[in-house]
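Down below is the structure, laid out as structure tokens.
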Amino acid sequence: MKKHPIRPCVPVRTRRLPVALATLACLASSAHAFELDLDNPDLRARLDNTFKWSGAARLKSADATLLSSPNHDDGDRNFGKGVISNRLDWLSEFDVTYQRNLGLRLSAAAFYDDAYHRSNDNPGFAGGAFPNQGSVAANQFTKETRAVHGNKAELLDAFVFGKTELGDSTLSGRLGRHGLLWGESLFFGANAIAGGQMPVDIVKLLSVPNTQFKEAIRPVPQVSGHLQISPDVSVSAYYQFRWAKSVAPAVGSYFSNVDVAVDGAESLLLPSPLSPALRQTDSQPKNSGQGGLQFKVRAADTDFGFYAIRFHNKTPQVVPVVGFIVPPPTPVVAPLGFTHTYQSGITAFGASASRTIGDYNLAVEASIRHRQDLASTQGANASALGGPALGYAIGNTAHVNLSTLATLPGNLLWNEASLLGEIAWNRVLHVTENAAAVDPNATRDAVALRLQLEPTYRQVLPGLDVGVPVGLGWAPHGSRSMALGPLAMPSDGGGDISLGLNGTYLDAWRFSLSLTHYFGTVGTFQSGANNAYTYKQTLKDRDYVALSVRRTF
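If you read the sequence shown in our numbering, its first letter stands for residue 31, the second for the next number, and so on.
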């Protein structure tokens, strides 16, 4: 085993953002790669380490409209104009293969974001704010929020894999923590078969412009297999051993727009004289009961896929728990608390087709879900009153994704460019349970699109390639998804535009610079007497600029 020498790093006294850059340079200079000399030509091993610094800054002050609701304002109040992220990431990947038929893959990641280890800009009660937290001061991030956004070290992939020949067929499989995606979705994976398979890093989808859905999935313990029956026919299957929730913006983080959802939620503020309703134990699904089958065939230069999966939702319904605050004979009923409930046992059946025509790949995927939880704001868990426990509506839904991947010919503006685009549509076919809980502002049909165009310019300087990605996400007016809720698609009549600059130097250093602007009618996540979803642009005042630099050794 050979090991490159490590040179000592000398700290430099400077301000926070330069410190992060200096630290990255220090890590880069001291990083080393292991060359494993195993004296066996059939056995290969590789270790890669990637170090990345990223920073982001808010460009606008908070909009008064988005500060009007005490249960939807903490993320907006916590960040004034200026730095919202100052983060160092490390990713390590280790692969071992034997005769290319057997192997092991391990990967781990860690990060530290200085912005979440300092006091924030929330003025607290003295400044007219009403923070939803009680465990720490108003200008501090809660323990759960800091755990999601401040620092973390975790094991990602940890699986063995193998391949063998069965007559004229080839059988391959994986066992352990790994990711898996089926279907043809690009950006709107939540609307497709892929949305039921894996938990997702929603924070990455929001904070890194134009991130594809496949780049944001998170591995879980499972077994998966693939049988290549012939060059044109294959069958695949998987079964998961553990359920895991998606990683959403924690309460009080920059992209958070509701103070009672997911990690960091502590209390629901109620009108005076009622006391805040406290968060109760989450209702999570069993680890068992998630798996699927896939059949793929190629005919007439077209790839066809057929899918059947069963899954538990990875994002929750926030359900009030109601009860008597004044007992009979003159009862008063109010929320005693709230819980995060995850719908179990959703089934989906789908089909897809993909074909390349010239420089364009065109794909379509359609699916139907049974027992999908719907956008719900009128329900409550009334078990404290001896009533029903279900606090949200359930129904059957239809989903279609149309997408394209294209290489565009050169013109006066570029010599080469890539285009990615997707349109997603969904519809509630039938509400099967608790129809009274459906959000009154939702529409049975919803549609949204996302496009990314990236011209590439080679050798702008010796060894330097540059790309200029331009992204657009948009939903037309009247598109308020009852099937998936307000978080899965852009706001009604709104969306986002991003402009970036990506660079690769000597195929080793990579950097990106981006500006993201949100557009649409401004509004809080919920409003009105029934606290219904508004489907308005909750991020209207949170335009931001982001910069990152990374290198792999």
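From the three backbone atoms N, C-alpha and C, an ideal C-beta is built for every residue, glycine too.
Residue(s) in a DSSP beta bridge with Ile453: Leu432 and Leu479
Classification of Glu395 by the beta-carbon crowding that lies within 10 angstroms, buried from 16 upward: buried
Distance, Ala364 Cα to Ala559 Cα: 14 Å
Segment contact, 8 Å Cβ cut-off, at least three pairs: the stretch 202-211 with the stretch 501-519: no
Distance CB(Glu214)-CB(Ser433) smaller than 8 Å: yes
Beta-carbon gap between Ala92 and Arg107 smaller than 8 Å: yes
Whole-angstrom distance between Ile376 and Gly226, CA atom to CA atom: 8 Å
DSSP beta-bridge partners of Arg74: Thr127
Contacts around Ser237, its chain only, beta-carbon distance under 6 Å, and the 5 residues preceding and following it disregarded: none
Segment contact, 8 Å Cβ cut-off, at least three pairs: the stretch 151-161 with the stretch 179-194: no
Whole-number beta carbon distance between Ala75 and Asp125, since they are thought to touch under 8 Å: 7 Å
Unbroken stretches of the alpha helix (DSSP H), 4 residues or longer, contained in the stretch 102-177: 104-107
Residue burial classification, Asp571 (beta-carbon count within 10 angstroms, cutoff 16): buried
Sequence-distant residues of its chain with Cβ nearer than 7 Å to Thr241 (five each side left out): Lys234 and Leu235
Local conformation of Glu245 per DSSP, three classes: helix
Counterpart residues of Arg401 in DSSP-defined beta bridges: Arg401 is not bridged to any residue.
Integer Cβ distance of Phe217 from Glu452, believed to fall under 8 Å: 5 Å
Cut-off 6 Å between Cβ atoms - residues of its own chain near Ala55, not counting five sequence neighbours on either side: In this predicted model, Ala55 has a pLDDT of only 43, less than 50, meaning its place in the structure is not dependable; the value taken from the coordinates is given anyway. There are no such residues.
Ala467 versus Lys344, Leu89, Thr582 and Ala419, residue with shortest Cα-Cα distance: Ala419
Option in Leu304, Gly421 and Thr568 with minimal Cα separation from Ile355: Leu304
Rounded distance between the beta-carbons of Phe141 and Arg580, thought under 8 Å: Contact flag wrong, Cβ pair sits at about 12 Å.
Three-state secondary structure (DSSP) of Ala291: coil
Nearest to Gln347 (by Cα), restricted to the options Leu517, Ala139 and Val250: Leu517
Reduced DSSP category for Thr95 - H, G, I as helix; E, B as strand; rest coil: helix
Which of helix, strand or coil DSSP assigns to His342: coil
Inter-stretch contact (C-beta, 8 Å, three-pair minimum) for the stretch 381-394 and the stretch 320-334: yes
Leu236 - containing beta strand (DSSP E), residue span: Run containing Leu236: none in the beta strand (DSSP E); it sits in the alpha helix (DSSP H), Ile232 to Ser237.
7 Å CB neighbourhood of Leu366 in its chain, flanking five on each side removed: Ala307, Val351, Val352, Gly353 and Ala414
Endpoints, the beta strand (DSSP E) within which Ala364 is located: Val362 to Thr371
Rounded separation between Ser165 and Gln310 - CA only: 15 Å
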